[in-house]
Each structure stands twice: as structure tokens, then as C-alpha cells.
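Peer 1: Take a look at this one; I'll ask things after.
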Amino acid sequence: MSDHLISRIAASDGIMLHTGTEITDLQGDHHLEQVTWHDRHTETTETYPIRHVFLMIGAVSNTPWLQHPMAARLPDAG
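Sequential numbering of the sequence shown, starting at 5, is according to our numbering.
The structure is reproduced here in C-alpha cells:
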């Protein structure tokens, strides 16, 4: 990620970063309505009403869960 983008994200009041967390549940009927995540630092789990999630997984992704059989059942549109 560029230094310019990092600076813009840090300066934005409308963006909240949650580092060291894992998304454990996405809920909603026809669109995203709420997200649950687990904080690995505090060992707490929180659920918030959220309509949009943006993930930065890094240059080397840590996504072994994509090999899970459930991933094959995702619709073509994601």
C-alpha cells in the first residue's frame, strides 16, 4: 500500500482500522448488515452494524480457509 493511501486512511474520520482481528461472521439477508470479529490481542469478540468491509490481507495472504469446501459453493458474483 502506498504511503499516500496510508496517510489518507489515517486522516479519515470515516474509516476505523481493526488490526490484529479476525472476521468470524458476516450477517445480512440481501446485503451486509453486521460483522462480528475477534480481537487476538484482547481475546474479545464484538459485533457491529456495518454495511461495508474492506480487507487488506498483505503481499503474502494468509487465507488457508479458501481451501475449505464451503468456498467452492460461493456464487460467481462473490
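Where a beta carbon is used, it is the ideal one built from N, C-alpha and C, also for glycine.
1. Have a look at the DSSP bridge pairing and note the partners of H42.
2. Can you tell me where the alpha helix (DSSP H) with L9 in it begins and where it stops?
3. Within its chain, find whatever has a CB closer than 8 Å to the CB of V57; leave out the 5 residues flanking it on each side and keep chain order.
4. If we ignore side chains and look at the alpha-carbon of each, how far apart do P68 and M60 end up?
5. Taking the alpha-carbon of R44 as reference, which of D7, H22, D17 has the nearest alpha-carbon?
Peer 2: From the atom records:
1. Residue mapping note: residue 42 aligns to position 38 of the sequence shown, counting from 1. DSSP, once it has assigned bridges, lists E26, T49 as partnering H42.
2. For the purposes of this step, residue 9 is identified with residue 5 of the sequence shown, where counting begins at 1. Boundaries of the alpha helix (DSSP H) around L9: 7 to 15.
3. Here residue 57 refers to the residue found at position 53 when the sequence shown is read from its first residue. The answer, listed in chain order, is I27, L30, L36, V39.
4. Indexing the sequence shown from 1 puts residue 68 at position 64. Indexing the sequence shown from 1 puts residue 60 at position 56. Going from the Cα of P68 to the Cα of M60 covers about 16 Å.
5. Position 40 of the sequence shown, counted from the first residue, corresponds to residue 44. When only C-alpha atoms are compared, the closest one is H22.
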